[in-house]
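Report on one structure; see the data block that follows.
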Amino acid sequence: MARGASTWLKTRDNETLSAACNRSKAESKKGKTKRQRPKTMAELADKHQLYQQAVQHPRKEVRNLDSIYRKLSSRYLDHSIGGSSPKSKKGQVAPEDSSENASGKSEDDTDYGYVGRRQAQSLREDFCGTAVLCAEWVNSASSANRYAYGVDIDPEVIEYAKKHTVEQQDSLDSAVDDRITLVCADVLDVHGDDNRAQEDSEHAGERIVPRVDIIASFNYAMCYFHKRCDLVRYMRHSLGNLNDFGLLFCDLFGGHEAVRSGVTRVRNVGSFKYHFRQNGYDLMRGTIRFSLSFRMQDGSMLKDCFTYDFRVYSLCELREAMLEAGFDDVCVWISTKNNLDSSDDSEKETESSCSESEDGRRGSADFGEFEELVSPAEMPESFNAYVIGVKLPANETD
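With this note's numbering applied, the sequence shown corresponds to residues 9 to 406, in that order.
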């Protein structure tokens, strides 16, 4: 300790008292600066929570899955009790029957024997991220016997899903944890096996899960596959992971706007603003770049928090890939943009928050309800779609 210095001031080797005092003052000032500067809202924000609020609508997605599953099971499987098949050959489907059968029972009340249900019970969410769709699935209206399996290759996001999605749901319902299984793996490495019990966590850890009624690959997951051969490979893999009657749901964006560079939109989500940017369409590769940012109320920003390099597929390309992969039929449900506007190359802001009738994944546009695309249609300015591969029981495809 330097002579004359206070008892708290210690000098380092070969350090003068004056130098020690200056160092102490600098360290004290630096410490005060750190303590005085509050963290910004962006630094405190949870990017996954922001993404869920701005982009995802799991309750609406589950309602759509349920509704379409019931309609397609009615269309393809009613003849198991009615004696006439609505499907004469692959790719050709007769008009739907009414919601009541010959006995007068509604479609939800009918006992379909071999089919055994009009509601899907098991869901696999590929590329699941934080697995909010899995959680909503098991918590939906008829959830007592529902199971969900989430698969994602990112260990960080799987751990987040376990801690924030599954455990949060488990606090509300102690049985939820038993009905959601999360697997950290490449989706192509996770196989369906009818002989493995749903509760067998060891086998789930070995990347084996039961076959399911529905596989949902949302948030434009098919656009990660830049090569068509990889796209077909994934669809063929999914076919083998479905039950005898099962559906593969893939969502897709499109329209004239899908290949337009310089699209920038801002939407007020309440406590923050969601910024969507679309740039860099590559004509040779058929790809486009998306970026999602979040500006907080204090002006701080999580810039380019999520970025994507997507292959821009057409509905026709996805449909042909599913048929090539072996699906018995393919159906398309489409939701088009309501507020058509040709001036999308400048930044625009929507002050109203996103309601459940909106699909916010690609910006601020309000999209209508999903309707089945059954006849030729002109290209809209912008759309979101479900492309649905239908797997029929073996005896139904003979």
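For each residue, glycine too, the CB sits at the ideal point set by N, CA and C.
Please name the residue, chosen from the options, that lies closest to residue i on a Cα-to-Cα basis.
i	options	result
I223	D259, D238 and C237	D259
G376	P388, D186, P384 and C237	P388
G158	V191, Y289, E167 and S308	V191
S82	V70, E69 and A128	A128
Q286	F314, M304 and N72	F314
H56	I161, S130, Y168 and V70	Y168
V338	L255, A152, V165 and I188	L255
I296	V320, V165 and N251	V320
F253	F391, A62 and R126	R126
Y394	N251, P46, E379 and Y289	E379
L323	H245, P384 and R275	P384
G270	G288, N276, S130 and S75	G288
A402	T272, M49 and L247	L247
F226	D134, Y84 and R67	D134
K47	E328, S343 and G307	G307
V382	I342, R45 and R154	I342
In the structure shown, what three-state DSSP assignment does residue i receive?
i	result
Q127	coil
N227	coil
I296	strand
I222	strand
R83	helix
K399	strand
C313	strand
G262	strand
D374	coil
G307	coil
R132	strand
G288	strand
T173	helix
P388	coil
P66	helix
Opposite residue i in the DSSP bridges: which residues?
i	result
L381	DSSP output for L381 lists no bridge partner at all.
W341	E380 and Y394
I216	H199
H283	V274 and S301
D5	The structure shown does not extend to residue 5, since the chain spans only 9 to 406, so no value can be given for it.
G254	K399
R319	T295
Y155	S130
Buried or exposed, going by whether 16 or more other CB atoms sit within 10 Å of the CB of residue i?
i	result
K399	buried
E144	buried
E265	buried
C136	buried
M132	The question names Met, yet the displayed sequence has Arg at residue 132. Buried: at least 16 other Cβ atoms inside 10 Å.
M330	buried
G397	buried
K98	Residue placement at K98 is flagged as unreliable, the pLDDT there being 41, under the threshold of 50; a coordinate-derived value is accordingly withheld.
R293	exposed
T173	buried
Q305	exposed
G200	buried
N249	buried
Q176	exposed
E69	buried
Y152	Reading off the sequence shown, one finds Ala at residue 152, where the question assumed Tyr. Classification of A152: exposed, given that the 10 Å Cβ count is below 16.
L52	exposed
Kindly give me the distance between the Cβ atoms of residue i and residue j, rounded to whole angstroms, as I take these residues to be in contact under 8 Å.
i	j	result
V220	V198	Not a contact, Cβ separation roughly 11 Å.
L300	F284	6 Å
Q60	V140	6 Å
F391	G278	Actually they do not touch by this definition, with Cβ atoms about 26 Å apart.
R236	A333	No, R236 and A333 are not in contact; Cβ-Cβ is about 11 Å, not under 8 Å.
Y228	F318	6 Å
Y316	F298	4 Å
Does the CB of residue i have a neighbour CB from chain B at under 9 Å?
i	result
A156	The chain labelled as chain B is not found in the depicted structure, where only one protein chain is given.
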